[in-house]
Structures are given as structure tokens and as C-alpha cells.
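Taken in order, these protein sequences are the chains called A and B.
Position 36 of the first sequence, counted from 1, bears residue number 36 in the numbering used here, the numbering being contiguous throughout.
Position 25 of the second sequence, counted from 1, bears residue number 319 in the numbering used here, the numbering being contiguous throughout.
Below: one structure, written as C-alpha cells.
Protein chains: 2
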Amino acid sequence: MSQTHTARLMDGTDLAHRISEASASRAAEITRESGTAPCLATVLVGDDSASVTYVRMKRARCEKAGIVSRHLGLPATATTAELVGAITALSQDPEVHGILLQHPVGPYIDERVAFEAIAPDKDVDGVTMRSFAAMSFGLPGFVSCTPGGIMRLLEEYDVDPAGKHAVVVGRSAILGKPVGMLLLGRNATVTYCHSHTTGLGSIVRQADILVAAVGRPRFIRGEDIKPGAIVIDAGYNPGNIGDVDVETARTRANLITPVPGGVGPMTIAVLLAQTVEAAAEQLGLGSGRSVLRS
Amino acid sequence: MSQTHTARLMDGTDLAHRISEASASRAAEITRESGTAPCLATVLVGDDSASVTYVRMKRARCEKAGIVSRHLGLPATATTAELVGAITALSQDPEVHGILLQHPVGPYIDERVAFEAIAPDKDVDGVTMRSFAAMSFGLPGFVSCTPGGIMRLLEEYDVDPAGKHAVVVGRSAILGKPVGMLLLGRNATVTYCHSHTTGLGSIVRQADILVAAVGRPRFIRGEDIKPGAIVIDAGYNPGNIGDVDVETARTRANLITPVPGGVGPMTIAVLLAQTVEAAAEQLGLGSGRSVLRS
Numbered sequence: 001m002s003q004t005h006t007a008r009l010m011d012g013t014d015l016a017h018r019i020s021e022a023s024a025s026r027a028a029e030i031t032r033e034s035g036t037a038p039c040l041a042t043v044l045v046g047d048d049s050a051s052v053t054y055v056r057m058k059r060a061r062c063e064k065a066g067i068v069s070r071h072l073g074l075p076a077t078a079t080t081a082e083l084v085g086a087i088t089a090l091s092q093d094p095e096v097h098g099i100l101l102q103h104p105v106g107p108y109i110d111e112r113v114a115f116e117a118i119a120p121d122k123d124v125d126g127v128t129m130r131s132f133a134a135m136s137f138g139l140p141g142f143v144s145c146t147p148g149g150i151m152r153l154l155e156e157y158d159v160d161p162a163g164k165h166a167v168v169v170g171r172s173a174i175l176g177k178p179v180g181m182l183l184l185g186r187n188a189t190v191t192y193c194h195s196h197t198t199g200l201g202s203i204v205r206q207a208d209i210l211v212a213a214v215g216r217p218r219f220i221r222g223e224d225i226k227p228g229a230i231v232i233d234a235g236y237n238p239g240n241i242g243d244v245d246v247e248t249a250r251t252r253a254n255l256i257t258p259v260p261g262g263v264g265p266m267t268i269a270v271l272l273a274q275t276v277e278a279a280a281e282q283l284g285l286g287s288g289r290s291v292l293r294s
Numbered sequence: 295m296s297q298t299h300t301a302r303l304m305d306g307t308d309l310a311h312r313i314s315e316a317s318a319s320r321a322a323e324i325t326r327e328s329g330t331a332p333c334l335a336t337v338l339v340g341d342d343s344a345s346v347t348y349v350r351m352k353r354a355r356c357e358k359a360g361i362v363s364r365h366l367g368l369p370a371t372a373t374t375a376e377l378v379g380a381i382t383a384l385s386q387d388p389e390v391h392g393i394l395l396q397h398p399v400g401p402y403i404d405e406r407v408a409f410e411a412i413a414p415d416k417d418v419d420g421v422t423m424r425s426f427a428a429m430s431f432g433l434p435g436f437v438s439c440t441p442g443g444i445m446r447l448l449e450e451y452d453v454d455p456a457g458k459h460a461v462v463v464g465r466s467a468i469l470g471k472p473v474g475m476l477l478l479g480r481n482a483t484v485t486y487c488h489s490h491t492t493g494l495g496s497i498v499r500q501a502d503i504l505v506a507a508v509g510r511p512r513f514i515r516g517e518d519i520k521p522g523a524i525v526i527d528a529g530y531n532p533g534n535i536g537d538v539d540v541e542t543a544r545t546r547a548n549l550i551t552p553v554p555g556g557v558g559p560m561t562i563a564v565l566l567a568q569t570v571e572a573a574a575e576q577l578g579l580g581s582g583r584s585v586l587r588s
């Protein structure tokens, strides 16, 4: 490979924009046909500034797409029972079609118990155990938003994972684990690496598709990228720095997601798309057609 | 490694026997303390001869351990709704502590829907979506029996998966996928291989721990076994032949499960252990102590 090789960038901003537009027209259609606008409830515990910003951003994007945003803020001192009670009420409320519990919920709450209070048909953020199993078994259901966005990006760039070796670095419940299962469902050979992995470099060097999801700046060395690889950098560290040493990686990869503008924008786009799908389903307008794919 | 090297055999028969004995004493204790014997309901659809044999074997082992066995047979023509109705009734029956739906259920039934009718606290065979997610996230719950048996065997032979590269060949919902997640939970680096994997041999050769779960006789070539590896052969093909070419594999591996007498006996042992745990929990005698570990 010549010194001047530069990987093509996978443009998440543009794709996310198109998905958001499609979600907006579908939301308008739903509102017109049913008389009810799709509604996403956001739930935030405490006032962590990053979480406040994320929730604000998600709500603004909803409103721009014609999705009603309902917000519920609980004090940092809220108990698991209080949070579960609030989420259960939203799960039962026919006016709410999707529920997003902003992670993390703080030290006083059993986050898993709280997540499980989200009704499966409203789990548009793909965080429940049922959604994870559905992703793992190739069953219908909502996907975790970042993994779903990654799969959609691969599709957009005509990357068929079948028979490719996908290496996922990171194993969180909402990113590493589900994206590995989705890749496995698309017939990739999948390796999960993490903090206990020995010889990480030698495994990364085998990756036809690399997903970096560790949250450590430039953790993946560019020289470990296999020539011609597809590199998905799902890290987002302070200063707009990804988990991959992008300068070197770009000289070797075939396709790479920039940070910012790669995986990041896809997450909210998937959230919007799944919220309108949930609303359509609950309002009896389900068409089987996904705005993610339009 | 000298020509005369022979891997040590991992004796599943003996370990399974000890677990079954422990389950039997715990069953007796539960019966004495609560006046109610633990009860496993087995459900069989149709009369496939292998399935009939498996169910008969499981029932006999239950009875030997002092676990009441209740059997429900449905005709091969049963519908999903009929099967779900029957399983739901067992889920609600306070006299039944565990439910096993024998796989496969035949072509007329949506097996996933049927599995999901099993109440989580009675899912002693570890087949529900919730149990899979619990295994994946390291949460309390019942494990799939064969994966659970494999993990227990590794423990018995002092194999700590942390930092080791575990390669799982096969990705079924009740064997390959969950055993990979359990190994990941014990901090192994985990690779899933399957029918679409390219260059299988080169991946198998990296395996510190190899789990073969494909159901194809001698599918894993002995010369691909990494010297010193731990080889778990979960295959059981006609003629007592495993998925691994054992003759060559034994000259290279450190530990290997024989077929038969390795993984096979562990499956029922885990079923018995989880049934008495379920009964103890439901009868208010839960001690947090697992007979699997005793």
C-alpha cells in the first residue's frame, strides 16, 4: 500500500441526517393519520452536566423531527423503587411511545432493575435484557442505538460482515456486547477483546472489521490496523479524540469513521427512527417498513 | 512436546455424579423442611425417538435424586397456542418448581414463543431470553445447562479463563452463544466461529480454550489444537464421536473432555442442581448456596 493511501471516511453526519429526515416525515404521517404525535419520554436522575447536555440534545432533535418530548427529572437521591415507579407509569401511559433512561443513573440506583421497568415495545433505546437477547438471536425488537447505528453505517458503505473477522474492543452492555451479537447475526466471525485481553495488538491485526468501544483516547494503535480493514471508532473522548490513533490508521484502513461525525450522529438518528416505529406500532399504523432503511 | 504426551481427561462423569448426589441431599433437605418435594415438569411435543429417550433419562435422574417428575406430552400436531397454554399453566402452578421444554418442538410450533412462556424463576434449563441476557450480563439467573456444565468443569480443573483466548465453534442459542458469554464474563477473550468463518484452522490454533459445539464428527482437526490448550468437546455424534479429532488432539492438548463422559453427563447434573435451587427459592428456603459449587 502506498504512503499516500488514505482511507475513505464513513460519513455518519450525512446518513444520520437522512435518517432523521425520514423519521420526521414518518412522524408527520403518523400524526396526520392517527391524530397523535409520536412521543419519547426521557428520564434523568440527578444533574450530571454531561447527562443534562445529552438529554437536552436528544429532546431538541425529537422536537425538530415532530416527536413530542416529555421529560422527567428525578433528584440524585431518588431510590430504585421511585425510579422504577416512574418508569412503570410511563410504560403504562398510552400517550408515551418510547422511553429513554439516561445512563448513568448514579450510585443509589440499581440501573438494571430500572431498565427492566421499560416495556419491551417502548424500549427504543434497546437497553432491556429482552432487547439484548432479541439482538443476539436475530429476533424482532429494538436495537441498542449505537450498535444499530454502526450496523446501518456498514450497510450504507456496502460492507457485508459475512465471513469477515470482526474484532470488538470493549464489552459494555449497550455497546460492545450488542454490536458483537449483531455482527455475529450477520455471519461475521466475532472476537470480543477487553481490559483482560492479552496480546491485543495481534488480535486487532486480524480484524477485517474493527469496532473500538473502550473510551480511551487513541487506545488502538494505527500500526495494528490490518491493511484494507473497516475501522469503526465508537470512542468519543475529550477533545474530539476517538479510541483509534486515526492518523496512522487512515494510512492502512479502507474505510474509517471520523470522530466526530462518524458513529456519534448515528446514535440519535437510530433513537428517532425507533421512536417513530414504536409509535406507528402502538397506534396501529405499523407497516413493517423501517425508516432506518429508507 | 514429546511424542508420548497425552492430555489429561476432564472427567465429567465423576463430577456430574458428585453434583447429582449433592442435589439429592439438598432435595431431601427441602422435602423435610417444607413438606414439599422439588418438582420438575418436562414437556415433550411429538414422539421423536431421541427426544423421548432424553426426556426419559432426565425424568429417571430426577426421580433418583428425590425430585418429583411430572410429564406432559403433546401430540406432534399441537399448535403454538396450545403449547404456550400448557407451559403457562405450569408456570403458574405452585407445585411445579422447574420447567423443561424438550428441544426440538417440531415444525408447527414457534419454539421461541413457547420458551418465553416459561416463568424466569422456573427456567431451570436456561432457555429464555431473560436467562440468556442474565448470563451475558453476569446477573443472577439460571444458566443454560450445557454451558453451565462446561464452566463447572473448567472450574473443577482449576482453569481460570481470565486473559485466555477462548474460541467457541458453533453459535446456537442454548450452547455456543451462552457459553461464549459465560467465558467473556470470566474475562476470557472470546471468538465465535461458525459455518461462515473463513480460515477456521488459523483461529482454532490460537485457542487457549476451545469449545467445539457444531455437531459434526471430528470436525476440529487435531493438528489445529494449540499445544497446551484446554479442549472442550461438546459434540455428541452417532457412534460416540465428538466434534474433535480426539486421537491427534490428545497429543497436543493439556486437558480434554472425553466423548462420552465429558460434557454430556454435566448437562443433566446442572439441570438437577438448578431444579433444587429453584424449589428452595420458591419454597422460601433459598440459602444463596448453590449445589453446583458444593
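Don't be surprised by glycine CBs; every beta carbon is placed ideally from N, CA and C.
Interface residues of chain A facing residue i [CB-CB closer than 7 Å]
i: residue 492 of chain B; result: 163
i: residue 481 of chain B; result: 196
Chain B within 8 Å of residue i, Cβ atoms only
i: residue 146 of chain A; result: no
i: residue 190 of chain A; result: yes
i: residue 203 of chain A; result: yes
i: residue 193 of chain A; result: yes
Beta carbon proximity, residue i to chain A, threshold 8 Å
i: residue 423 of chain B; result: yes
Rounded separation between residue i and residue j - CA only
i: residue 13 of chain A; j: residue 229 of chain A; result: 21 Å
i: residue 165 of chain A; j: residue 208 of chain A; result: 5 Å
i: residue 210 of chain A; j: residue 348 of chain B; result: 42 Å
i: residue 275 of chain A; j: residue 124 of chain A; result: 6 Å
i: residue 215 of chain A; j: residue 383 of chain B; result: 47 Å
i: residue 295 of chain A; j: residue 475 of chain B; result: Nothing about residue 295 of chain A can be read from this structure; chain A reaches only from 1 to 294.
i: residue 300 of chain B; j: residue 550 of chain B; result: 10 Å
i: residue 591 of chain B; j: residue 580 of chain B; result: In this structure chain B extends from 295 to 588, so residue 591 of chain B is not present and cannot be described.
i: residue 78 of chain A; j: residue 72 of chain A; result: 12 Å
i: residue 39 of chain A; j: residue 94 of chain A; result: 10 Å
i: residue 422 of chain B; j: residue 363 of chain B; result: 21 Å
i: residue 554 of chain B; j: residue 526 of chain B; result: 12 Å
i: residue 353 of chain B; j: residue 337 of chain B; result: 11 Å
i: residue 137 of chain A; j: residue 456 of chain B; result: 26 Å
i: residue 381 of chain B; j: residue 358 of chain B; result: 24 Å
i: residue 411 of chain B; j: residue 404 of chain B; result: 11 Å
i: residue 615 of chain B; j: residue 75 of chain A; result: Any answer about residue 615 of chain B is impossible in this case: the structure gives chain B only from 295 up to 588.
i: residue 413 of chain B; j: residue 177 of chain A; result: 25 Å
i: residue 61 of chain A; j: residue 52 of chain A; result: 14 Å
i: residue 170 of chain A; j: residue 33 of chain A; result: 43 Å
i: residue 191 of chain A; j: residue 304 of chain B; result: 26 Å
i: residue 226 of chain A; j: residue 175 of chain A; result: 23 Å
i: residue 331 of chain B; j: residue 350 of chain B; result: 19 Å
Bridge partners - residue i, DSSP secondary structure assignment
i: residue 6 of chain A; result: For residue 6 of chain A, which the question treats as bridged, DSSP gives no partner whatsoever.
i: residue 241 of chain A; result: A:237
i: residue 189 of chain A; result: A:165
i: residue 393 of chain B; result: B:335
Contact set between residue i and chain B, taken where Cβ atoms lie within less than 7 Å
i: residue 84 of chain A; result: Going along chain B, no residue has its Cβ under 7 Å from residue 84 of chain A, so there is no contact; the nearest lies around 16 Å.
Interface partners of residue i on chain B, CB under 8 Å
i: residue 331 of chain A; result: Lying outside 1 to 294, the shown extent of chain A, residue 331 of chain A is not represented and no answer is given.
Closer than 7 Å at the beta carbon, the chain E residues around residue i
i: residue 177 of chain A; result: You won't find chain E in this structure, because its protein chains are A and B.
Partners in chain B for residue i, counting only beta-carbon separations shorter than 9 Å
i: residue 112 of chain A; result: 431 and 433
i: residue 132 of chain A; result: 423, 426, 427, 430 and 431
8 Å Cβ cut-off: residues of chain A touching residue i
i: residue 465 of chain B; result: 184
In chain order, each beta strand (DSSP E) run of at least 3 residues that lies wholly inside the region 65-90 of chain A | Counting only runs of 3 or more, we get 68-74.
Segments of 4+ residues assigned as alpha helix (DSSP H) that fall wholly inside the region 193-263 of chain A | For the region 193-263 of chain A, the continuous alpha helix (DSSP H) assignments of 4+ residues that do not extend past its boundaries occur at 200-204 and 246-250, in sequence order.
Entirely enclosed beta strand (DSSP E) segments - the region 28-55 of chain A, minimum 3 residues | The DSSP assignment places complete beta strand (DSSP E) segments of no fewer than 3 residues inside the region 28-55 of chain A at 39-45, in order along the chain.
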